[in-house]
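A quick write-up on the structure given underneath.
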Amino acid sequence: MPDHDKHPDDPNKIAGTAAFSKFVAVLQLIADQDAPLNIAQLAALSGYPRPTVYRILAALMAEGMVVENPRSKQFEVGPRLINLASRAWDRSDIRTTAIEPLRQLRDITRETIHLAVPSDVSMVYIEKLESPQAVRMASRIGTRVTLYSSSVGKAYLAGLEESRRENLMRTLQMEPFTEHTHTDLSALRQDLEQTRARGYAEDREENEAQIFCYGAAIVGADGLPVACVSVSIPLFRRLPDPQQAYVTPLLQACATISRKLAGPG
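Heads up, the sequence shown is in the working numbering, so the first residue is 77 and it goes up one at a time.
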């Protein structure tokens with residue numbers, strides 16, 4: 077019988093889906109880490125047996141999705157995955173539409189600009205424009221940041237409908253990154269109320285010590301957030317009038333991008 081005639085609950089389909097999920101999970105672990113990982117570390121982080129991880133890595137290496145350092149026996153993202161990601165970012169409507177306003181925002185603020193999109197219970201940077209100044213951010217394209225500690229995450233949450241926002245917030249594991257990170261929902265709710273009232277979010281050293289960020293949402297035709305933009309500033313370099321220096325240009329850039337995404341009319 078042809079595959080398309082099988083029942084949706086066919087055991088072979090379920091098994092195939094589960095196997096694919098394991099491949100994706102291991103690939104995600106490799107992509108998310110700042111440093112390459114070995115098999116033992118991947119097995120510990122994924123919860124899969126080492127033989128399973130080894131088979132997954134062998135298949136991913138065969139497809140060029142990951143590469144192994146022959147000396148350290150550690151694994152990192154391969155050229156094929158980088159190429160696929162690069163093409164996806166280049167073709168992204170949001171990134172393509174946003175890039176010129178983001179460049180203008182970077183030139184006005186002279187600070188690092190991030191463009192992030194939602195992914196599960198986090199935000200992922202799909203564009204980064206470096207500050208022209210000496211001290212820069214250590215982030216990179218593909219970095220994941222949490223919804224509760226980052227300015228882009230809080231700007232996204234604040235723009236959602238209440239039911240969607242509450243459902244997302246209940247899934248958060250609010251671990252502290254600095255002494256300023258919110259670790260309970262009541263404090264986060266209060267922060268989001270302030271974010272909605274003023275129209276932008278603040279990351280007050282919550283995601284990274286000595287880094288202050290302002291974030292705002294890019295909205296779709298329905299008025300809901302589809303992406304967010306942040307301006308990230310080393311605390312020692314933050315200007316005395318942040319509203320004029322960072323917030324106003326940020327809000328103008330997000331409004332411009334939102335209008336461009338909406339198109340004529």
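C-beta atoms are modelled at their ideal positions from N, C-alpha and C, and glycine is treated no differently.
Coarse secondary structure for residue i, derived from DSSP in three states
i, result
"Ala303", "strand"
"Ala111", "coil"
"Tyr232", "helix"
"Asp267", "helix"
"Phe288", "strand"
"Ala277", "strand"
"Thr332", "helix"
"Phe96", "helix"
"Gly339", "coil"
"Thr324", "helix"
Start-to-end residues for the alpha helix (DSSP H) that takes in residue i
i, result
"Tyr130", "Arg126 to Ala138"
"Glu242", "Glu238 to Met245"
Paired residues, beta bridge with residue i - DSSP
i, result
"Pro252", "Answer by DSSP bridge pairing: none, since Pro252 is not bridged."
"Pro318", "Answer by DSSP bridge pairing: none, since Pro318 is not bridged."
"Ile309", "Phe288"
"Val295", "Pro301"
"Glu144", "Phe151"
CB contact below 7 angstroms: residue i versus chain C
i, result
"Glu206", "The structure shown has no chain C; it contains just one protein chain."
Fully enclosed by the segment 149-229, which beta strand (DSSP E) runs are 3 residues long or longer?
You should have 151-153, 188-195, 198-205 and 220-222.
Say whether the segment 199-216 touches the segment 332-340, bearing in mind that this needs 3 or more beta-carbon pairs closer than 8 angstroms, one atom from each stretch.
no
Check whether the segment 281-288 touches the segment 238-256, taking contact to mean three or more Cβ pairs, one atom from each stretch, closer than 8 angstroms.
yes
When you compare the segment 289-308 with the segment 221-236, are there three or more beta-carbon pairs, one atom per stretch, that lie closer than 8 angstroms?
yes
Segment contact, 8 angstroms Cβ cut-off, at least three pairs: the segment 309-324 with the segment 167-180
Touching, no, given that fewer than three Cβ pairs across the two stretches are closer than 8 angstroms.
Under 8 angstroms: do the segment 131-141 and the segment 256-268 share three or more Cβ pairs, one atom per stretch?
Result no; under three Cβ-Cβ pairs closer than 8 angstroms.
On the three-pair Cβ rule with 8 angstroms, is the segment 107-115 touching the segment 143-157?
yes
Cβ contact check for the segment 206-219 and the segment 229-239: 3 or more pairs under 8 angstroms
Cβ pair count under 8 angstroms is below three, so no.
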